[in-house]
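Shown next, in structure tokens, is the structure this report addresses.
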Amino acid sequence: MIILGIESSCDDTSAAIVKDCILLSNVIASQKVHEAYGGVVPELASRAHQQNIVPVVSEAIRQAGIDKSEIDAIAFTRGPGLPGSLHVGTSFSKGLALALNIPLVDVNHLHGHVLAHFIKEDENTPVPDFPFLCLLISGGNSQIIKVNSPNDMEIMGQTIDDAAGEAFDKCAKVMGLPYPGGPFIDKLAQEGNPNRFKFAKPHIEGYNYSFSGLKTSFLYTLRDEFKLNPNFIEENKADLAASLQKTIIDTLMDKFGKAIKATGIKTIAIGGGVSANSGVRAAVKQYCDRRGIRAFIPKRTFTTDNAAMIAVAGYFKFLNGETCDITAPPFARVVI
Ligand code: KG4
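All letters in the sequence shown, in the order written, are residues 10 to 345 by my numbering.
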């Protein structure tokens, strides 16, 4: 079965073709226009999606070496995401599905991140067995998900305020680093002392996360030190980055470890933009190696937004007989 996936939930326009989970192409056009603003500007994102979507989809079909008449269904990100951006991908998908007279499958962007582990290079690519536990960490979400099957996921815990990626990006912003700051913190942290500064860690029940206290405590440290030394950030940026990253990783692993122990599940996965972080990847690997747990750590290309994961998630829904109506509107927040 050949599925065209289309992703436009935030600031990446992407199209991919999969044949029964085997990746034939994955084209991503990132939007540089937001860099000057220190964050994604929704209206500019929608306009860039409109400019990119036709060339990106054409290129994905070309690189896959197929003809558009061979596509069996179109899977598109219906939400969550930026409303204007989602509208571009949703409307385009509907138009193309009508023109080709093929079914449409709506995909929850977060399910896409989880199912990114089923994108195969060939028949021999290993994939997680069910059930597995997934730590989904991105710019907008931090969740621990019990994945019973491709179409059955239970959220065990999630952030009650900021997401892990937001903690990286907002703290990076006060340090004067470019947006998104996560990758810059990652790089700086490699040179720094992770035990130099202590920042607030949350104390919440269950498997939920919170990162807003960390953000405040990071900001207060910078403010207090800045009063004594205006060059404080510049002189200590590597230690600040390493200490911040360590606090985020400890917080993530604390609850994830608790969920792994409580469920007794021996296969785990991580996904979402923050799973590209080298410290997170090393911590997860070390945790699992010590306990004989099988860890799926995605290739960096599949950690951030991409249509390959949407195509694969759509493939599983389509197999399950789930398609969506041509009138289905995008959802900014509601999870489908
Ligand atoms: O999954 P994603 O592309 O977008 C959402 O759907 O939210 O994730 C983007 C997030 C940003 O917060 C970015 O700073 C973070 O992932 N990120 C990283 C790294 N690479 C991307 N955070 C820490 N270390 C990285 N290497």
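By construction, the Cβ of each residue, glycine as well, lies at the ideal position given by its N, Cα and C atoms.
Keep in mind the model is a prediction, meaning the values are calculated, not measured.
- The closest heavy atom of the ligand KG4 lies 7 Å or more from the beta carbon of N160.
- Assigned with DSSP and collapsed to three states, D195 falls in helix.
- Nearest in C-alpha terms to P187, of all of D29, E44, L13, is E44.
- Rounded to the nearest angstrom, the gap between the Cα atoms of L231 and R290 is 27 Å.
- A buried status is given to H118, since no fewer than 16 other beta-carbon atoms sit within 10 Å of its beta-carbon.
- In the displayed model, Q40 falls within coil according to three-state DSSP, outside both helix and strand.
- Bounds of any alpha helix (DSSP H) do not take in E163; it lies within the beta strand (DSSP E) bounded by 161-167.
- Counting C-beta atoms within 10 angstroms of its own C-beta, G104 has fewer than 16 neighbours from the protein chains shown and is therefore classed as exposed.
- H120 counts as buried, since no fewer than 16 other beta carbons sit within 10 angstroms of its beta carbon.
- Residue pairing by DSSP places G14 opposite A25, A84 in a beta bridge.
- At least 8 Å separates the beta-carbon of I302 from that of I258.
- Inside the region 243-324, DSSP marks whole alpha helix (DSSP H) runs of 4 or more residues at positions 287-300, from first to last along the chain.
- L13 is positioned such that its CB atom lies no closer than 8 Å to that of A341.
- The alpha-carbon of F139 is positioned some 13 Å away from that of G273.
- When secondary structure is reduced to three states using DSSP, N35 falls in the strand class.
- Counting along the chain, the unbroken alpha helix (DSSP H) around F101 starts and ends at 92-109.
- Relative to the ligand KG4, the beta carbon of A341 is positioned no closer than 7 Å to any heavy atom.
- Annotated three-state conformation of S158 is strand, per DSSP.
- Each residue's CA atom was taken as its position, placing I11 and I153 some 31 Å apart.
- Just so you know, the alpha carbons of G282 and K129 end up roughly 19 Å apart.
- The C-alpha of A198 is placed about 17 Å away from the C-alpha of T260.
- According to the DSSP assignment, F141 belongs to the beta strand (DSSP E) that extends over 141-146.
- Neighbourhood of the ligand KG4, defined by CB distance below 5 Å to any of its heavy atoms: S147, G148, G149, G174, F177, D178, P189, G191, P192, D195, G281, G282, V283, A285, N286, T313, D314, in chain order.
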